[in-house]
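Engineer: One structure, as structure tokens, below. Some questions next.
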Amino acid sequence: MHSIPTVRTYVLVWLTLTIMTFVTYYVSTIDLGDWNIVVALLIAFFKMMLVVLIFMNVKADSPLTKLFAGAGFFWMILLLGQVAIDYISRAWMPEGRMW
Amino acid sequence: MVQQFESATLGMWVFLLTEIMFFGGMFCAYMIYRSMYPAAFASTSKHMDPLFGAINTAVLIVSSLSMALAVRAARLGQQKALQILLLITIFFGLCFLGVKAVEYHAHWVDNKVPLFAGHWDYSNTPESPNQAQYARQAQILFCFYFFMTGFHAVHMIVGVALMLTIFFMARSGKFNATYFTPVEISGLYWHFVDIVWIFLFPLLYLIGHTKNIF
Numbered sequence: 001m002h003s004i005p006t007v008r009t010y011v012l013v014w015l016t017l018t019i020m021t022f023v024t025y026y027v028s029t030i031d032l033g034d035w036n037i038v039v040a041l042l043i044a045f046f047k048m049m050l051v052v053l054i055f056m057n058v059k060a061d062s063p064l065t066k067l068f069a070g071a072g073f074f075w076m077i078l079l080l081g082q083v084a085i086d087y088i089s090r091a092w093m094p095e096g097r098m099w
Numbered sequence: 001m002v003q004q005f006e007s008a009t010l011g012m013w014v015f016l017l018t019e020i021m022f023f024g025g026m027f028c029a030y031m032i033y034r035s036m037y038p039a040a041f042a043s044t045s046k047h048m049d050p051l052f053g054a055i056n057t058a059v060l061i062v063s064s065l066s067m068a069l070a071v072r073a074a075r076l077g078q079q080k081a082l083q084i085l086l087l088i089t090i091f092f093g094l095c096f097l098g099v100k101a102v103e104y105h106a107h108w109v110d111n112k113v114p115l116f117a118g119h120w121d122y123s124n125t126p127e128s129p130n131q132a133q134y135a136r137q138a139q140i141l142f143c144f145y146f147f148m149t150g151f152h153a154v155h156m157i158v159g160v161a162l163m164l165t166i167f168f169m170a171r172s173g174k175f176n177a178t179y180f181t182p183v184e185i186s187g188l189y190w191h192f193v194d195i196v197w198i199f200l201f202p203l204l205y206l207i208g209h210t211k212n213i214f
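Quick note, the sequences are listed as chains A and B, same order.
In this text, residue positions in the first sequence follow the numbering used here: the first is 1, and each later residue adds one.
In this text, residue positions in the second sequence follow the numbering used here: the first is 1, and each later residue adds one.
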């Protein structure tokens, strides 16, 4: 069966998540231009990984479960990535012409 | 028993994948409209109070901690601790919904609810003298706001109901150190809903935090 993480581990993860929430809030008050959203999403991604790996204990799950969890993430990358490529590259077309 | 447990965990992850697709569609639509109307979204976002959002993020993270500890207690066969931790999780889940209700009420009073005649007013005010130019795009962001946080809140309500069920199951002695699958499975759901909020918070509340584009 699974190894059981210690209470210390859980509390440390919680502390990190809470600190990261304050960091997100603080960083959003500084004007970084287009980088604000990048930093915010990176922090959110880091928080998600902590929750998935430790709280949901995927770290200790079977390889098959890891694969399924990873597939969800991969699917999001495909969806958002492909759509973003479409919308970003539209601006490269001559004015008023899509093709 | 180990194989049963692993099948159940895997099955829950398959369900969570469908949930990822459900919320993924909304995140994708949000991304498109935000890239179309960046200035309008940044301006409109000022009507969402980041303090409420931050408090709710912290509340959900605490509830995730108590949930993780509840699953741990279940694994170790600590029945009393499991029940107390489940109640703590439910309490913080209800706190989150309470804060959300206060926010929704503020939007309702402030006439920032699109699609409701008489509750949408985006004309200029002394605090936001230039916002009327964004009136139409603001409706889009507010629709995203209400749909995304609304569906998230529905998931929270389901989660609280789920936790209540697990609590009563635990109280009637359904679980022991070798059988605690339902606790583990509902824990996964609870953490997933937490993750959705981790992304919603910066995307909806913190867009135009620095810029003065009112």
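All C-beta atoms, glycine included, are put in the ideal place defined by N, C-alpha and C.
Should G25/B go down as buried or exposed, given a rule of 16 or more other Cβ atoms within 10 Å for buried?
Structural biologist: If you number the second sequence from 1, residue 25/B lands on position 25. G25/B comes out exposed.
Engineer: Taking 8 Å as the cut-off, is the C-beta of T18/B nearer than that to any heavy atom in the ligand PLP?
Structural biologist: Summarising the ligand content, the structure contains no ligands, and the ligand PLP is consequently not present.
Engineer: Under 9 Å, Cβ to Cβ, is there at least one residue of chain A near G150/B?
Structural biologist: One-based indexing of the second sequence puts residue 150/B at position 150. Judged by the 9 Å Cβ criterion, G150/B is not in contact with chain A.
Engineer: What does the Cβ neighbour count give for G98/B, buried or exposed, with the cut at 16 atoms within 10 Å?
Structural biologist: Counting from 1 along the second sequence, the entry for residue 98/B is found at position 98. By the neighbour-count definition (other C-beta atoms within 10 Å, threshold 16), G98/B is an exposed residue.
Engineer: List, in order along the chain, the chain B residues whose C-beta lies closer than 7 Å to that of V51/A?
Structural biologist: Within the first sequence, the letter at position 51 stands for residue 51/A. Here the neighbours are S64, H191, D194, I195.
Engineer: The alpha helix (DSSP H) that contains P202/B, what's its start and end?
Structural biologist: Position 202 of the second sequence, counted from the first residue, corresponds to residue 202/B. Element bounds for P202/B: n/a, residue is neither H nor E.
Engineer: If the cut is a Cβ gap below 7 Å, which residues of chain A does I32/B touch?
Structural biologist: Sequence index remark: in the second sequence, residue 32/B carries index 32 (1-based). Near I32/B (Cβ distances below 7 Å), the residues of chain A are V83, Y87.
Engineer: Can you look up W92/A in the DSSP assignment and give me helix, strand or coil?
Structural biologist: Here the question's residue 92/A lines up with position 92 in the first sequence. Of the three classes helix, strand and coil, the one that applies to W92/A here is coil, per DSSP.
Engineer: If we define contact as Cβ-Cβ less than 9 Å, is A5/A a contact residue for chain B?
Structural biologist: Taking the first residue of the first sequence as 1, we reach residue 5/A at position 5. Position check: residue 5/A holds Pro in this sequence, whereas Ala was assumed. Chain B contact via Cβ: present.
Engineer: Applying a beta-carbon distance threshold of less than 9 Å, which residues of chain A neighbour C95/B?
Structural biologist: By 1-based counting over the second sequence, the position of residue 95/B is 95. Within chain A, no residue comes near C95/B; the closest Cβ sits about 15 Å away, beyond 9 Å.
Engineer: For L65/B, does the count of other Cβ atoms within 10 angstroms reach 16, so buried, or fall short, so exposed?
Structural biologist: Within the second sequence, residue 65/B is the residue found at index 65, counting from 1. With 16 or more Cβ atoms within 10 Å of its Cβ, L65/B is classed as buried.
Engineer: Using the three-state DSSP reduction, which class does K46/B fall into: helix, strand or coil?
Structural biologist: What you label residue 46/B is simply residue 46 of the second sequence in a count that begins at 1. Reduced to three states, the DSSP call for K46/B is helix.
Engineer: Can you list, in chain order, the residues of its chain whose CB lies under 8 Å from that of F144/B, leaving out five sequence neighbours each side?
Structural biologist: Numbered from its first residue, the second sequence carries residue 144/B at position 144. Answer for F144/B: M26, A29, Y30, Y33, L204, listed in chain order.
Engineer: On the CB-based measure, 16 or more other CB atoms within 10 Å of its CB, does Q137/B come out buried or exposed?
Structural biologist: By 1-based counting over the second sequence, the position of residue 137/B is 137. With 16 or more Cβ atoms within 10 Å of its Cβ, Q137/B is classed as buried.
Engineer: Would the segment 16-32 of chain A and the segment 36-56 of chain B be scored as touching if the rule is three or more Cβ pairs under 8 Å?
Structural biologist: yes
Engineer: Can you check whether the CB of G173/B is closer than 9 Å to the CB of Q78/B?
Structural biologist: Position 78 of the second sequence, counting from 1, holds the residue named residue 78/B. Position 173 of the second sequence, counting from 1, holds the residue named residue 173/B. Result no, Cβ atoms of Q78/B and G173/B do not sit closer than 9 Å.
Engineer: List the whole-angstrom C-beta distance separating F68/A from V14/B, where the pair is believed to meet the contact cut-off of C-beta under 8 Å.
Structural biologist: Counting from 1 along the first sequence, the entry for residue 68/A is found at position 68. Counting from 1 along the second sequence, the entry for residue 14/B is found at position 14. With a Cβ gap of about 7 Å, F68/A and V14/B count as contacting.
Engineer: In whole angstroms, what is the alpha-carbon distance linking V51/A and P126/B?
Structural biologist: The residue given as residue 51/A occupies position 51 in the first sequence. The residue given as residue 126/B occupies position 126 in the second sequence. So the two alpha carbons sit approximately 43 Å from each other.
Engineer: Give the DSSP-derived three-state secondary structure of K174/B in the structure shown.
Structural biologist: Translated into positions along the second sequence, residue 174/B becomes position 174. Reduced to three states, the DSSP call for K174/B is coil.
Engineer: Taking the Cβ atom as the reference point for each residue, do A170/B and L82/B lie within a distance shorter than 9 Å?
Structural biologist: Start at 1 with the first residue of the second sequence, and residue 170/B comes out as number 170. Start at 1 with the first residue of the second sequence, and residue 82/B comes out as number 82. The answer is yes: Cβ separation under 9 Å.
Engineer: Check the DSSP bridge columns for W101/A and list the partner residues they point to.
Structural biologist: Nothing in the structure corresponds to residue 101/A, since chain A is present only between 1 and 99.
Engineer: Just to confirm the assignment, what range does the alpha helix (DSSP H) spanning W108/B have?
Structural biologist: As a position in the second sequence, residue 108/B is number 108, starting the count at 1. Element bounds for W108/B: 79-109.
Engineer: Kindly identify the DSSP beta-bridge partner or partners of K59/A.
Structural biologist: Along the first sequence, read from residue 1 onward, the residue named residue 59/A stands at position 59. DSSP output for K59/A lists no bridge partner at all.
Engineer: Any C-beta of chain B within less than 9 Å: which residues of the segment 67-83 of chain A qualify?
Structural biologist: Across the segment 67-83 of chain A, CB contacts with chain B closer than 9 Å involve F68, A69, A71, G72, F73, W75, M76, L79, L80, V83, in sequence order along the chain.
Engineer: How would you call M1/A, buried or exposed, if buried means at least 16 neighbouring beta carbons within 10 angstroms?
Structural biologist: For the purposes of this step, residue 1/A is taken as the residue at position 1 of the first sequence. Reliability of the predicted coordinates at M1/A is poor, the pLDDT of 49 falling under 50, and no value is obtained from them.
Engineer: Per DSSP, what are the beta-bridge partners of K112/B in this structure?
Structural biologist: Taking the first residue of the second sequence as 1, we reach residue 112/B at position 112. Its beta-bridge partners are W120/B.
Engineer: List, in chain order, every chain B residue whose beta-carbon is nearer than 7 Å to that of L17/A.
Structural biologist: Your numbering for residue 17/A matches position 17 in the first sequence. Near L17/A (Cβ distances below 7 Å), the residues of chain B are I61.
Engineer: Are M21/B and G93/B touching if we call contact CB-CB under 9 Å?
Structural biologist: For the purposes of this step, residue 21/B is identified with residue 21 of the second sequence, where counting begins at 1. For the purposes of this step, residue 93/B is identified with residue 93 of the second sequence, where counting begins at 1. No, they are not a contact pair.
Engineer: Can you give me the C-alpha to C-alpha distance between T149/B and D110/B, rounded to a whole angstrom?
Structural biologist: Within the second sequence, numbered from 1, the residue matching residue 149/B stands at position 149. Within the second sequence, numbered from 1, the residue matching residue 110/B stands at position 110. About 18 Å.
Engineer: Rounded C-beta distance between A70/B and T181/B? I'm assuming under 8 Å.
Structural biologist: Taking the first residue of the second sequence as 1, we reach residue 70/B at position 70. Taking the first residue of the second sequence as 1, we reach residue 181/B at position 181. Contact flag wrong, Cβ pair sits at about 14 Å.
Engineer: Using CA atoms only, rank isn't needed, just tell me which of L17/B, I207/B, S35/B, S43/B is closest to D86/A.
Structural biologist: To locate residue 86/A, count along the first sequence from 1; it is residue 86. For D86/A, the nearest C-alpha among the options comes from S35/B.
Engineer: When we look at the beta-carbon of D194/B and count the other beta-carbons within 10 Å, is it buried (16 or more) or exposed?
Structural biologist: Position 194 of the second sequence, counting from 1, holds the residue named residue 194/B. The residue in question, D194/B, is buried, as its Cβ has 16 or more Cβ neighbours within 10 Å.
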